[in-house]
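What follows is a set of notes on a single structure, which appears directly below.
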Amino acid sequence: MANYPSIDSELLRTFVAIADHGGFTRAAEVVNRTQSAVSMQMKRLEEDVLERPLFQRDGRQVSLTAEGQVLLGYARRILKLHGEVMTTLREPHMVGAVRIGTPDDYVMRFMPGILSRFAQAYPLVQVELHCEPSFSLLQRQDLDLTIVTREPGTEIGQLLRQERIVWAEAQGFSAHEQEPLPLAMFNAQCFCRSWACNALDAMEREYRIAYTSPSLSAIMAVVSAGLAITAQLQSLIPSDQRIIGEAEGLPAMPSASIVLLRNSHTQSPVTETLAEHIIEGFKL
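Each residue of the sequence shown is one higher than the last, beginning at 1 in full-length UniProt numbering.
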């Protein structure tokens, strides 16, 4: 086997920074080195280690050669593996499984970013995601972390955020003008549905529950088709829908609280670290 020189991970880190940021100057800021130090690193990588040109230079513009493009793919994989090794050896307790319960409402809006950042930091932790309505999740004892929606004044656990409930309908449609008013809502146990119905009753506005589902995506599909209106947390309203309210003859709605519950019997460094990621994720 040929005795090839080894490649320092710091050289690869700098190389990737140059490729990602389009030049030596910005890469130097990212890796916290001077521009001359970055240039010396890349000269060493090109001339002493690989003996191949990695960059095409046109004034201040820098692009990768064909060899540089090949190296970039390998460099990303090597650095990813390096990070996993360091995480495993330095934080061996960050291995295992954690069970999260959350309503379907928050899966698409908040969880992708939270889980992506957590997986990058702790790739060996297995996450089980259980999607059920809040009233069902509150009955379960087997979850490590639970995210639920609560009425103001009944919060338990840690408050993640408070949001106003709003009415919404599809852009370009006027479902709010129909009589009786067609609603697409969660199942009867949802307090948001109760609030909406009670508010409409109080103003003597006729309505009918036209569509029900435990799935937010199903409700939003119905609303986006112009078949009904809904009442949901404001952050959950997609871009193809518009918020409506008193100007359209609808009652004002209160705010709801999103809270995080910890299972005191299953707490561990893994669950607490994921809880911290969830708390930060719901601030965005």
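For every residue, glycine included, the Cβ atom is placed at its ideal position computed from N, Cα and C.
All values reported here derive from a predicted model rather than from experimental measurement.
Using a Cβ-Cβ cutoff of less than 7 angstroms, which residues in the same chain neighbour residue 237 once the five nearest sequence positions on both sides are dropped?
To locate residue 237, count along the sequence shown from 1; it is residue 237. Closer than 7 angstroms at the Cβ level, and outside the excluded window around residue 237, lie 166, 168, 243.
Give me the Cβ distance between residue 133 and residue 53, rounded to the nearest whole Å; I'm assuming they're in contact under 8 angstroms.
For the purposes of this step, residue 133 is identified with residue 133 of the sequence shown, where counting begins at 1. For the purposes of this step, residue 53 is identified with residue 53 of the sequence shown, where counting begins at 1. Contact between residue 133 and residue 53 does not hold, since their C-beta atoms are separated by about 59 angstroms, which reaches or exceeds 8 angstroms.
Assuming the contact rule is C-beta atoms closer than 8 angstroms, residue 253 and residue 231 should be a hit. Round their C-beta distance to whole Å, please.
In the sequence shown, counting from the first residue as 1, residue 253 sits at position 253. In the sequence shown, counting from the first residue as 1, residue 231 sits at position 231. About 6 angstroms; that satisfies the 8 angstroms criterion.
Whole-Å CB distance - residue 115 paired with residue 94, under 8 angstroms assumed
Residue 115 sits at position 115 when you count from the first residue of the sequence shown. Residue 94 sits at position 94 when you count from the first residue of the sequence shown. Between residue 115 and residue 94, the beta carbon gap of about 15 angstroms keeps them out of contact (Cβ cut-off 8 angstroms).
Could you pull out every unbroken beta strand (DSSP E) segment of at least 3 residues lying fully inside the region 108 to 134, listed in chain order?
Qualifying beta strand (DSSP E) stretches, in chain order: 125 to 131.
Alpha-carbon spacing of residue 251 relative to residue 271, whole angstroms
Here residue 251 refers to the residue found at position 251 when the sequence shown is read from its first residue. Here residue 271 refers to the residue found at position 271 when the sequence shown is read from its first residue. If you draw a straight line from the Cα of residue 251 to the Cα of residue 271, it is about 41 angstroms long.
In this structure, does DSSP put residue 229 in helix, strand or coil?
Working through the sequence shown from its first residue, we reach residue 229 at position 229. Residue 229 falls in the strand class under three-state DSSP.
So what does DSSP say about residue 73, is it helix, strand or coil?
Mapped onto the sequence shown, residue 73 falls at position 73. Residue state, collapsed to three classes: helix.
Cβ-based burial, residue 14 [other Cβ within 10 Å; buried from 16]:
Residue 14 sits at position 14 when you count from the first residue of the sequence shown. Residue 14 should be labelled buried.
Are the CB atoms of residue 235 and residue 163 within a distance shorter than 8 angstroms?
Within the sequence shown, numbered from 1, the residue matching residue 163 stands at position 163. Within the sequence shown, numbered from 1, the residue matching residue 235 stands at position 235. Closer than 8 angstroms, so yes.
Would DSSP call residue 234 helix, strand or coil?
Within the sequence shown, residue 234 is the residue found at index 234, counting from 1. Residue state, collapsed to three classes: helix.
Using only the alpha-carbon positions, how far apart do residue 25 and residue 85 sit?
Along the sequence shown, one-based indexing puts residue 25 at 25. Along the sequence shown, one-based indexing puts residue 85 at 85. C-alpha of residue 25 to C-alpha of residue 85: approximately 30 angstroms in a straight line.
When 159, 99, 101, 19 are compared against residue 69, the one with the closest alpha-carbon
For this step, residue 69 is matched to residue 69 along the sequence shown. Between residue 69 and the set 159, 99, 101, 19, the nearest pair of CA atoms involves 19.
Between residue 130 and the rest of its own chain, which residues show a CB-CB distance below 6 angstroms, the 5 nearest in sequence each way excluded?
One-based indexing of the sequence shown puts residue 130 at position 130. Here the set comprises 101.
Reduced DSSP secondary structure (H/G/I, E/B, other) of residue 106
Translated into the one-based positions of the sequence shown, residue 106 becomes position 106. Correct three-state label for residue 106: helix.
Distance between residue 220 and residue 75 (C-alpha atoms, nearest Å)
Looking up residue 75 in the sequence shown gives position 75. Looking up residue 220 in the sequence shown gives position 220. When only Cα atoms are considered, residue 75 and residue 220 end up about 42 angstroms apart.
Specify whether the region 135 to 152 and the region 264 to 279 touch according to this definition: at least 3 beta carbon pairs, one from each stretch, less than 8 angstroms apart.
Remark: three or more beta-carbon pairs, one from each stretch, lie closer than 8 angstroms, so the region 135 to 152 and the region 264 to 279 are flagged as touching.
For residue 61, which beta-bridge partners are listed by DSSP?
Here residue 61 refers to the residue found at position 61 of the sequence shown. Residue 61 pairs with 58.
Would you list, in sequence order, the uninterrupted beta strand (DSSP E) runs of no fewer than 3 residues that lie entirely inside the region 159 to 228?
You should have 181 to 185, 207 to 212.
Buried or exposed for residue 1, going by 16 or more other Cβ atoms inside 10 Å?
Position 1 of the sequence shown, counting from 1, holds the residue named residue 1. With a pLDDT of 47 at residue 1, under the threshold of 50, the predicted position of this residue should be treated as unreliable, though the coordinate-derived value follows. Residue 1 is exposed by the Cβ-count criterion.
Measure the beta-carbon distance from residue 183 to residue 210 and round it to whole angstroms, keeping in mind my assumption that it falls under 8 angstroms.
Counting from one through the sequence shown, the residue named residue 183 turns up at place 183. Counting from one through the sequence shown, the residue named residue 210 turns up at place 210. With 8 angstroms as the limit, residue 183 and residue 210 qualify as a contact, their Cβ atoms being about 6 angstroms apart.
By the 10 Å Cβ neighbour count, where 16 or more other Cβ atoms means buried, how is residue 176 classified, buried or exposed?
The sequence position of residue 176 within the sequence shown is 176, counting from 1. That one is buried.
Taking the C-alpha atoms as reference points, what is the distance between residue 30 and residue 192?
In the sequence shown, residue 30 corresponds to position 30, counting from 1. In the sequence shown, residue 192 corresponds to position 192, counting from 1. Going by the C-alpha atoms only, they are around 46 angstroms apart.
Output needed for residue 97: all residues of its chain with C-beta closer than 6 angstroms, excluding positions within five of it in sequence on either side, in chain order.
Position 97 of the sequence shown, counted from the start, is the residue given in the question as residue 97. Excluding positions up to five away in sequence, the list reads 126.
If we count the other Cβ atoms within 10 Å of its Cβ and call it buried at 16 or more, is residue 150 buried or exposed?
Taking the sequence shown and counting its residues from 1, the one referred to as residue 150 is at position 150. That one is buried.
Using the C-alpha atoms, what's the distance from residue 17 back to residue 278?
Along the sequence shown, one-based indexing puts residue 278 at 278. Along the sequence shown, one-based indexing puts residue 17 at 17. Going by C-alpha positions, residue 278 is about 28 angstroms away from residue 17.
Taking just the CA atoms, how far does residue 59 sit from residue 218?
Here residue 218 refers to the residue found at position 218 when the sequence shown is read from its first residue. Here residue 59 refers to the residue found at position 59 when the sequence shown is read from its first residue. Rounded to whole angstroms, residue 218 to residue 59 spans 54 angstroms at the Cα level.
Would you report the Cα separation of residue 137 and residue 276, rounded to the nearest angstrom?
Here residue 137 corresponds to residue number 137 of the sequence shown, with the count starting at 1. Here residue 276 corresponds to residue number 276 of the sequence shown, with the count starting at 1. Rounded to whole angstroms, residue 137 and residue 276 show a C-alpha spacing of 20 angstroms.
As assigned by DSSP and simplified to three states, the class of residue 139:
The sequence position of residue 139 within the sequence shown is 139, counting from 1. In this structure, residue 139 counts as coil in the three-state DSSP scheme.
Note down the Cα distance separating residue 178 from residue 188, rounded to an integer number of angstroms.
Position 178 of the sequence shown, counted from the first residue, corresponds to residue 178. Position 188 of the sequence shown, counted from the first residue, corresponds to residue 188. Each residue's Cα considered, the two are about 22 angstroms apart.
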